[in-house]
Amino acid sequence: MGFFVSSQRFKPDRSTIHPSARPERRAPVDLPSLTCKEGTTMATLYFPTFLRRMTDGQAQVEVTADELGALVTEVSERFPDLRVHLVDETGRLRPYVRFFVNGQDARALQGLATPLQPEDKVTLVPAVAGGATAKASILPLLPSIRRHTLYGLLATVGALLVLLVYARISTSLAIFWTFGLAFGFVVQRSRFCFTSAFRDLFLLQDGRLMKGVIIGLAIATVGFTLIMYKAVPDPTQGMAGNVYPTGWHTLLGGLLFGTGMVVAGGCASGTLYRMGEGYVAQWVALLGMIVGSFVLALHWEWWWPNVVSRQPKFWFPRTLGWGPALVLTLVVLFGFYLLIVWWESRAGGISTWEEPTGPIRTFADRLRVGWQQVFVRAWPAAAGGLALGVLNIFEYLYKKPWGITTAVSRWSGWIAYALGYPAQNLLYFGDKPAGKQLLSHIPWLSGGTLLDWGLIFGAFTAALLAGEFKLRFPRRRYRYLQTFSGGLLMGYGARLAMGCNIGGFFSAIPSLALNGWVFGLGLVGGAWIGVQIIRRLP
Numbered sequence: 104m105g106f107f108v109s110s111q112r113f114k115p116d117r118s119t120i121h122p123s124a125r126p127e128r129r130a131p132v133d134l135p136s137l138t139c140k141e142g143t144t145m146a147t148l149y150f151p152t153f154l155r156r157m158t159d160g161q162a163q164v165e166v167t168a169d170e171l172g173a174l175v176t177e178v179s180e181r182f183p184d185l186r187v188h189l190v191d192e193t194g195r196l197r198p199y200v201r202f203f204v205n206g207q208d209a210r211a212l213q214g215l216a217t218p219l220q221p222e223d224k225v226t227l228v229p230a231v232a233g234g235a236t237a238k239a240s241i242l243p244l245l246p247s248i249r250r251h252t253l254y255g256l257l258a259t260v261g262a263l264l265v266l267l268v269y270a271r272i273s274t275s276l277a278i279f280w281t282f283g284l285a286f287g288f289v290v291q292r293s294r295f296c297f298t299s300a301f302r303d304l305f306l307l308q309d310g311r312l313m314k315g316v317i318i319g320l321a322i323a324t325v326g327f328t329l330i331m332y333k334a335v336p337d338p339t340q341g342m343a344g345n346v347y348p349t350g351w352h353t354l355l356g357g358l359l360f361g362t363g364m365v366v367a368g369g370c371a372s373g374t375l376y377r378m379g380e381g382y383v384a385q386w387v388a389l390l391g392m393i394v395g396s397f398v399l400a401l402h403w404e405w406w407w408p409n410v411v412s413r414q415p416k417f418w419f420p421r422t423l424g425w426g427p428a429l430v431l432t433l434v435v436l437f438g439f440y441l442l443i444v445w446w447e448s449r450a451g452g453i454s455t456w457e458e459p460t461g462p463i464r465t466f467a468d469r470l471r472v473g474w475q476q477v478f479v480r481a482w483p484a485a486a487g488g489l490a491l492g493v494l495n496i497f498e499y500l501y502k503k504p505w506g507i508t509t510a511v512s513r514w515s516g517w518i519a520y521a522l523g524y525p526a527q528n529l530l531y532f533g534d535k536p537a538g539k540q541l542l543s544h545i546p547w548l549s550g551g552t553l554l555d556w557g558l559i560f561g562a563f564t565a566a567l568l569a570g571e572f573k574l575r576f577p578r579r580r581y582r583y584l585q586t587f588s589g590g591l592l593m594g595y596g597a598r599l600a601m602g603c604n605i606g607g608f609f610s611a612i613p614s615l616a617l618n619g620w621v622f623g624l625g626l627v628g629g630a631w632i633g634v635q636i637i638r639r640l641p
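All you need for our numbering is the position in the sequence shown, starting with 1, plus 103.
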């Protein structure tokens with residue numbers, strides 16, 4: 104999400120970044136007392152829809168600034184509502200504000216002293232995906248509790264009550280609910296969205312979140328290998344983990360899902376956690392996923408016998424052995440990590456400075472800082488990836504690897520069934536190996552459903568505790584159609600490939616399965632297509 108500066112009237116870049124994307128974690132910078140050349144129009148400032156509510160609805164304004172710092176000062180003084188998002192109470196630039204001049208990071212130029220020429224274009228990115236929104240003030244744990252913190256604590260109590268109810272019904276359901284809460288808390292605090300991970304590589308040359316994904320994959324790969332080895336010591340005698348038939352349908356599913364997640368503004372996990380944060384458009388995206396899943400279920404009568412069932416399952420341990428399969432996967436992941444570091448270096452590097460925490464002298468100070476670091480401050484992408492990798496290991500150790508869209512597809516079947524359509528007779532929802540056993544998985548008594556619902560509620564609780572929950576309605580109606588269309592592609596693509604960004608990628612690669620890599624390749628291509636689409640949207 105950004106706005107653009109130019110001295111000439113031009114068509115602004117239409118690329119969009121989700122407003123909940125992670126802030127740039129840099130040390131605050133004092134704004135210099137710079138003056139503007141009076142009467143000299145140096146640039147035209149264009150505001151995207153997201154910022155126009157802070158600029159009295161203006162889409163563009165003329166500014167008189169010959170340096171970047173002067174531009175910030177002028178805009179901050181002209182629009183008080185926008186000022187709070189740019190500078191703090193002391194007049195210092197907020198740590199999550201990031202500027203690009205003609206595509207170059209201003210920190211690699213002269214910072215706020217970077218001169219602006221009539222032909223220059225300046226891009227401001229208020230937040231970058233990969234961490235939670237930074238707070239301007241410190242949460243006083245003692246002696247008072249803020250209202251949003253109280254709401255968060257009440258939500259926590261509600262989550263515990265649900266846990267107790269399900270514990271009386273089934274220990275397994277209670278455990279899945281707990282896993283869902285944990286996943287939701289982690290993805291919300293770290294803004295761990297695969298859409299941002301893939302998209303930001305193309306839009307910003309920012310690979311921090313993708314490096315977090317790789318860290319999570321590496322951690323899960325080691326844990327999964329130990330679990331699978333214990334279950335199947337001889338890989339020629341069986342398979343374990345998320346190993347699916349691999350063919351051109353896997354790649355196509357990845358392309359559809361990757362395109363859809365960028366258009367919708369969230370992957371499967373990202374859609375659920377943003378629902379918990381109050382993004383109404385993501386509820387529409389989920390509806391699209393449900394519809395897309397059901398459309399695929401109708402088409403499964405052709406896909407399964409003609410394509411999917413004819414494709415082989417390629418499991419690296421069976422071909423290479425346990426040791427070589429593990430080493431190969433880790434080496435390839437490390438290679439991709441280095442590739443992303445190189446890709447970032449082309450943009451001049453990314454700062455990873457930490458925000459100051461203030462003096463720590465007393466026990467209360469330590470409690471305050473500890474609370475901030477867990478519940479309020481941004482989690483680094485690497486920490487989010489590590490936590491998700493560990494949680495995935497524990498869920499697999501308990502029963503199965505993490506997944507999301509299988510439950511969503513069953514919701515579509517149950518909705519159709521409730522409306523009078525005999526969905527249970529479809530091959531996709533049947534009791535055969537090709538089906539998902541609809542009638543034996545009542546939504547509110549299904550572990551997959553509890554996992555997904557728990558993720559939403561966990562993100563909701565985390566957002567309340569951090570003061571980040573807010574009902575957000577799209578300001579343009581076409582946004583609903585956009586997110587629904589993206590969700591439709593995600594639902595169809597995920598079910599075609601037999602997994603989404605979680606089950607088909609984040610849990611498949613650690614399963615040492617080829618289908619995870621093929622689906623990931625499709626995600627990359629789909630994300631690129633999605634970026635081209637959103638760049639052309641109003």
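Every residue, glycine too, gets a C-beta built ideally from N, C-alpha and C.
Note that the coordinates shown come from a computational prediction; the quantities given were computed from them, not determined experimentally.
Using CA coordinates, which residue listed in I545, A343, Y347, I632 is at the minimum distance from M331? Looking up residue 331 in the sequence shown gives position 228. Comparing Cα-Cα distances from M331 to each of I545, A343, Y347, I632, the minimum goes to A343.
Using DSSP's beta-bridge definition, name the partner residues of E170. Along the sequence shown, read from residue 1 onward, the residue named residue 170 stands at position 67. Per DSSP, P218.
For G395 versus M157, is the C-beta spacing smaller than 9 Å? Within the sequence shown, residue 395 is the residue found at index 292, counting from 1. Within the sequence shown, residue 157 is the residue found at index 54, counting from 1. It is not a contact, given that the beta carbons lie outside the stated cut-off.
C-beta atoms of G381 and R582 nearer than 9 Å: For the purposes of this step, residue 381 is identified with residue 278 of the sequence shown, where counting begins at 1. For the purposes of this step, residue 582 is identified with residue 479 of the sequence shown, where counting begins at 1. Not a contact, by the Cβ cut-off of 9 Å.
C-beta atoms of A367 and V511 nearer than 9 Å: Numbered from its first residue, the sequence shown carries residue 367 at position 264. Numbered from its first residue, the sequence shown carries residue 511 at position 408. Against a cut-off of 9 Å, the Cβ pair of V511 and A367 comes out as no contact.
Can you check whether the CB of S179 is closer than 9 Å to the CB of L171? Translated into positions along the sequence shown, residue 171 becomes position 68. Translated into positions along the sequence shown, residue 179 becomes position 76. Not a contact, by the Cβ cut-off of 9 Å.
How do the segment 606–615 and the segment 395–413 stand: do at least 3 beta-carbon pairs fall below 8 Å, yes or no? no
Assumed close pair A630, F301 - CB separation to whole angstroms, cut-off 8 Å: What you label residue 630 is simply residue 527 of the sequence shown in a count that begins at 1. What you label residue 301 is simply residue 198 of the sequence shown in a count that begins at 1. Sure, about 4 Å apart at Cβ, within 8 Å.
What are the boundary residues of the alpha helix (DSSP H) that Q540 is part of? Taking the first residue of the sequence shown as 1, we reach residue 540 at position 437. It is not in any alpha helix (DSSP H) - Q540 carries neither H nor E in the DSSP assignment.
Pick helix, strand or coil for A285, following the three-state DSSP scheme. Locating residue 285 in the sequence shown gives position 182, where the first residue counts as 1. Of the three classes helix, strand and coil, the one that applies to A285 here is helix, per DSSP.
Where does L568 fall in DSSP's three states? For the purposes of this step, residue 568 is taken as residue 465 along the sequence shown, with counting starting at 1. DSSP places L568 in helix when its eight states are reduced to three.
Helix, strand or coil, according to DSSP, for Y581 in the structure here? Sequence index remark: in the sequence shown, residue 581 carries index 478 (1-based). In the structure shown, Y581 sits in a helix (DSSP, three-state: H, G or I).
Please return the same chain residues whose Cβ sits closer than 8 Å to the Cβ of F286, not counting the five positions on each side in sequence. In the sequence shown, the residue the question calls residue 286 occupies position 183. Excluding sequence neighbours, F286 sits near S372, L491, L494, W505, L554, G557, L558, G561.
Where the alpha helix (DSSP H) through W482 begins and ends: Taking the sequence shown and counting its residues from 1, the one referred to as residue 482 is at position 379. Neither: W482 is in no alpha helix (DSSP H) and is coded neither H nor E.
Endpoints, the alpha helix (DSSP H) within which G361 is located: Along the sequence shown, read from residue 1 onward, the residue named residue 361 stands at position 258. Run containing G361: 351–367, per the alpha helix (DSSP H) assignment.
Between the Cα of I272 and those of L548, T252, G356, G633, spot the shortest distance and give me the residue it belongs to. Along the sequence shown, read from residue 1 onward, the residue named residue 272 stands at position 169. Ranking the options by Cα distance to I272, first place goes to L548.
Best match in Q540, I496, G319, A486 for proximity to W514 [C-alpha to C-alpha]: In the sequence shown, residue 514 corresponds to position 411, counting from 1. When only C-alpha atoms are compared, the closest one is Q540.
In terms of DSSP beta bridges, what is A616 paired with? Numbered from 1 along the sequence shown, position 513 holds the residue referred to as residue 616. In DSSP, A616 forms a bridge with W418.
In terms of residues, what are the limits of the alpha helix (DSSP H) holding W505? Reading the sequence shown from its first residue, position 402 is the one you call residue 505. Careful: W505 lies outside any alpha helix (DSSP H) and carries neither H nor E.
Where do the ends of the alpha helix (DSSP H) carrying M378 lie? Along the sequence shown, one-based indexing puts residue 378 at 275. Taken as a continuous stretch (DSSP letters only), the alpha helix (DSSP H) holding M378 covers 371–380.
Alpha carbon to alpha carbon, what distance is there between I496 and P338? Your numbering for residue 338 matches position 235 in the sequence shown. Your numbering for residue 496 matches position 393 in the sequence shown. Each residue's alpha carbon lies about 20 Å from the other.
DSSP state of R513 mapped onto helix, strand, coil: The residue given as residue 513 occupies position 410 in the sequence shown. Three-state DSSP puts R513 in a helix.
What would DSSP say about L529, mapped onto helix, strand or coil? Numbered from 1 along the sequence shown, position 426 holds the residue referred to as residue 529. Three-state DSSP puts L529 in coil, outside helix and strand.
Given S275, which residues of its chain have a CB within under 8 Å of its CB, disregarding the five upstream and five downstream residues? Position 172 of the sequence shown, counted from the start, is the residue given in the question as residue 275. K502, G550.
Can you grab the Cα-Cα spacing for the pair A566 / M364, in whole Å? Taking the sequence shown and counting its residues from 1, the one referred to as residue 566 is at position 463. Taking the sequence shown and counting its residues from 1, the one referred to as residue 364 is at position 261. If I take the Cα positions, the gap works out to 22 Å.
For the alpha helix (DSSP H) that contains T158, what are its first and last residues? As a position in the sequence shown, residue 158 is number 55, starting the count at 1. Neither: T158 is in no alpha helix (DSSP H) and is coded neither H nor E.
Please state whether DSSP places I636 in a helix, a strand or coil. As a first step, residue 636 is located in the sequence shown; it is residue number 533 there, counting from the start. In this structure, I636 counts as helix in the three-state DSSP scheme.
Output the distance between the C-alpha atoms of L626 and Q291, rounded to the nearest integer angstrom. Here residue 626 corresponds to residue number 523 of the sequence shown, with the count starting at 1. Here residue 291 corresponds to residue number 188 of the sequence shown, with the count starting at 1. Their backbone Cα atoms lie some 22 Å apart in a straight line.
Give the DSSP-derived three-state secondary structure of L574 in the structure shown. Position 471 of the sequence shown, counted from the first residue, corresponds to residue 574. Correct three-state label for L574: coil.
Using the DSSP secondary-structure output, state which residues sit across from P348 in a beta bridge. The residue you call residue 348 lines up with position 245 of the sequence shown. P348 pairs with K416.
What residue from Y499, F563, M313, L375 has the CA that sits closest to F437's CA? Indexing the sequence shown from 1 puts residue 437 at position 334. Among Y499, F563, M313, L375, the Cα nearest to that of F437 belongs to M313.
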